[in-house]
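Heads up: the structure comes next, in structure tokens.
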Amino acid sequence: IWSMTAIAFDRYNVIVKGLAAKPMTIGGALLRILGIWLFCLAWSIFPLFGWNRYVPEGNMTACGTDYITKDWFSRSYILAYS
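Residue numbers (UniProt numbering): 1 to 82.
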């Protein structure tokens with residue numbers, strides 16, 4: 001989702017500014033991709049180290065973060081992410 005957000009931001013910049021927009025370089029694009037991947041990796045790994053946890057969802061075919069638990073430690077993950 002974050003990758004699509006970055007693409008949408010780049011397209012918005014080109015549409016709004018037209019030819020006056022500063023073109024994105026390969027280095028800039030790679031830096032943004034690396035930043036997005038590191039950000040997402042960090043948020044995916046936090047539950048494995050004890051901040052919140054992964055639980056089965058729906059019909060037990062997928063896992064997601066535990067947003068039902070009422071303790072502050074688990075809820076702080078959801079609050080920080082949102």
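Note that beta-carbon positions come from the ideal geometry of N, C-alpha and C, so glycine has one too.
Measuring straight from C-alpha to C-alpha, what distance separates residue i and residue j?
i: residue 18; j: residue 27; result: 21 Å
i: residue 59; j: residue 37; result: 29 Å
i: residue 8; j: residue 23; result: 15 Å
i: residue 48; j: residue 56; result: 14 Å
i: residue 6; j: residue 25; result: 14 Å
i: residue 4; j: residue 45; result: 21 Å
Starting from residue i, trace the alpha helix (DSSP H) in both directions and tell me its first and last residue.
i: residue 5; result: 2-17
i: residue 75; result: 72-81
i: residue 35; result: 26-45
Looking at the unbroken beta strand (DSSP E) that takes in residue i, where does it start and where does it end?
i: residue 64; result: 62-65
i: residue 56; result: 54-57
For residue i, which residues from the same chain have a beta carbon less than 6 Å from its beta carbon, with the 5 sequence-adjacent residues on both sides left out?
i: residue 75; result: none
Can you list, in chain order, the residues of its chain with a C-beta nearer than 7 Å to that of residue i? Leave out the 5 residues immediately preceding and following it.
i: residue 43; result: 81
If you measure between the beta carbons of residue i and residue j, is that distance less than 7 Å?
i: residue 53; j: residue 71; result: no
i: residue 12; j: residue 51; result: no
i: residue 20; j: residue 14; result: no
Assuming residue i and residue j are in contact, meaning their beta carbons sit under 8 Å apart, how far apart are those beta carbons, in whole angstroms?
i: residue 40; j: residue 2; result: 6 Å
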